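*Asks:* Following the numbering used here, the numbering of the sequence shown begins with 13 at its first residue and continues without gaps.
C-beta atoms are modelled at their ideal positions from N, C-alpha and C, and glycine is treated no differently.
Predicted, not measured: the structure shown is a model, and the values here were computed from it.
If you scroll down you'll find the structure; I have some questions about it.
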Amino acid sequence: MIGALKKKIAIPRSRRRNIDLKNNNREVVMRLEGGCYCGEVRYVAEGDPMMQAQCHCRECQYISGGAPNTFIAMPAAGFTYITGQPKQFRRKDLERAVTREFCAECGTHLVTKVPGLPAAVVKVGTLDEPEKFKPQMAIYTCDMQEFHTIPAGMKTFEKLPGH
């Protein structure tokens, strides 16, 4: 029975509900499903989003190909890979380097994990329903390029809020 629950069940988008099977069918605040471009790696993330933002830092520009990185930070306890396992990359020359998880087959960057932060930083482009992304802020605007855009009225921070 439990094994059957772990399999991905195709539910039409119009009938999807945010049901948490592990918690007596109570509604969860957000349930995200997604994966890589080739389909080898899939994930589920559940819980209260910790942050929804655009990151303009130079490191994210490298990973994104030059654009700001759009993400939803979800609680690590609610994140799991349901198909495949990602490859990990962490720069050894940086003291507090993040770990980037990506598909070894197609190269899609799926998640970033930050030391000391109990979160899975999920990349919006990997979501099955990217329209769930509701950006709250733009961070690390100190590294923003002239060709980057920030929606009118969005909060901006040169680094992280509170720093």
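Would you mind stating whether Ile94 and Val134 have Cβ atoms separated by less than 8 Å?
*Replies:* Reading the sequence shown from its first residue, position 82 is the one you call residue 94. Reading the sequence shown from its first residue, position 122 is the one you call residue 134. For Ile94 and Val134, no; Cβs fall outside 8 Å.
*Asks:* Which residue comes first and which comes last in the alpha helix (DSSP H) that contains Cys72?
*Replies:* Mapped onto the sequence shown, residue 72 falls at position 60. Element bounds for Cys72: Arg70 to Ser76.
*Asks:* Below 7 Å CB to CB, which residues in the same chain sit around Ala176 once its five sequence neighbours on both sides are set aside?
*Replies:* The chain is shown from 13 up to 175; residue 176 falls before or after that span and cannot be answered.
*Asks:* Classify Lys167 as buried or exposed, calling it buried when 16 or more other Cβ atoms lie within 10 Å of its own Cβ.
*Replies:* Working through the sequence shown from its first residue, we reach residue 167 at position 155. Result: exposed.
*Asks:* Tell me whether Pro127 is buried or exposed, calling it buried when 16 or more other Cβ atoms sit within 10 Å of its Cβ.
*Replies:* Your numbering for residue 127 matches position 115 in the sequence shown. Label assigned to Pro127: exposed.
*Asks:* Terminal residues of the continuous beta strand (DSSP E) containing Tyr93?
*Replies:* What you label residue 93 is simply residue 81 of the sequence shown in a count that begins at 1. Taken as a continuous stretch (DSSP letters only), the beta strand (DSSP E) holding Tyr93 covers Phe91 to Thr95.
*Asks:* Taking the continuous beta strand (DSSP E) assigned at Cys67, which residues delimit it?
*Replies:* By 1-based counting over the sequence shown, the position of residue 67 is 55. Met63 to Cys67 is the extent of the beta strand (DSSP E) around Cys67.
*Asks:* Val41: buried (16+ other C-beta within 10 angstroms of its C-beta) or exposed?
*Replies:* Looking up residue 41 in the sequence shown gives position 29. Exposed, because fewer than 16 other Cβ atoms sit within 10 Å of the Cβ of Val41.
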